[in-house]
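Those letters in the sequence shown? Residues -18 to -1, 1 to 226, per mature numbering (1 follows the signal peptide of the UniProt record, and there is no 0), in order. All C-beta atoms in this analysis are idealised placements derived from N, C-alpha and C, irrespective of residue type, glycine included. Shown next, in structure tokens, is the structure this report addresses.
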Amino acid sequence: MMKFFAALLCMFTGMAHAEPALLTDLALPYVAAAPAESKDRPLIIFLHGYGSDERDLLDIKNDLSPSYTYLSVRAPQEVDGGGYKWFTQDTDQAEYEGVTSDVDKSTDLLRTFIEQATEKYQTQPDKVILVGFSQGAMMSYQIGLQYPELVHGIAPLSGKILASLHSRLKPDERLKSLKVFIGHGSADTRVAYSGATDAKAVLENLLIVPEFHSYAGAGHTITTAEVADLKHWLQSQLKSKAAD
């Protein structure tokens, strides 16, 4: 019996050891999963949604290429009851919007984080892609549409372009090279599906042609089909950029 408990303890100890450590050397806390040689690899940065944390999206990497470096970032604001958020929701608005001062502070922190991570992992901006869910998707738009020189592309899942950002947007030559994957469930009641279709229209007005995926009947979640579509999109964007 003691041998059984010892084996069980070893199993749980091993599982605990498998959890990536929280890193705090950059502008925002994060966890990392990188190949032994991470220099000059594509860098995928996950941005979680409201009330979640840096470990929420990291497992998506298991269905993606093992040749990429993956970072998953913790949002800067704590949520009562646990978890983190990128900004406080502006409840005075009929649609899902954020308190602008919160959004701007988080955008500045995330911009700095991306610059630092690109340097730390010795890669190039044209190999960096942001994958965000919900509030994290909204933050991916914040970076991609204001600082396109920092990333190759963004993949906002179940998100929208916030009104405060939309009001600032104007045609910009730098945006023409930004690659965008949009995924959204048609039955999303948390962030309305119109957030995706409206974003598509905004992007097209900026001469950006996104890859758009609608998931019939899906709510505020990331589906298996969505991960498969994301994988194919990443491969198409990064096939010539992965290190040998």
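- DSSP places phenylalanine 69 in the coil class of the three-state scheme, outside both helix and strand.
- Shortest Cα-Cα distance from isoleucine 164 to any of Thr171, Gly126, Glu155 and Leu147 involves Gly126.
- Just so you know, the alpha carbons of glycine 135 and glycine 118 end up roughly 14 Å apart.
- C-alpha of glycine 65 to C-alpha of leucine 189: approximately 37 Å in a straight line.
- A contact is defined here as three or more CB-CB pairs under 8 Å, and the segment 56 to 72 fails this definition with respect to the segment 93 to 105.
- Under the three-state reduction of DSSP output, histidine 214 falls in the helix class.
- Residue state for isoleucine 190 is assigned as coil, using DSSP reduced to three classes.
- Looking only at Ile26, Leu4 and Ile143, the smallest Cα-Cα distance to glutamine 128 is reached by Ile143.
- Put simply, the backbone Cα of glycine 80 is about 24 Å away from that of aspartate 154.
- Residues Tyr78, Ser116, Ser140, Gly201 and His202 of the same chain have their beta carbon placed closer than 8 Å to that of arginine 172, with the five preceding and five following residues left out of the count.
- Taking 8 Å as the cut-off, the beta carbon of leucine 40 is found no closer than this to the beta carbon of tyrosine 32.
- If you draw a straight line from the Cα of glycine 199 to the Cα of leucine 216, it comes to about 24 Å.
- Judged by their CB atoms, glycine 114 and leucine 29 are nearer to each other than the 8 Å cut-off.
- The three-state reading of DSSP puts histidine 148 in helix, counting H, G and I together.
- Per DSSP, the beta bridge partners of proline 138 are Gly114.
- Classified as buried, alanine 14 has 16 or more neighbouring CB atoms from the shown chains inside 10 Å of its CB.
- Assigned with DSSP and collapsed to three states, glutamine 59 falls in strand.
- In this chain, the beta strand (DSSP E) harbouring alanine 14 covers 12 to 15.
- Rounded to whole angstroms, alanine 57 and glutamate 36 show a C-alpha spacing of 8 Å.
- Rounded to whole angstroms, the separation of the alpha carbons of isoleucine 111 and glutamate 101 is 15 Å.
- Apart from sequence neighbours up to five positions away, the residues of its chain that approach leucine 220 with a beta-carbon distance below 6 Å are Pro24, ordered along the chain.
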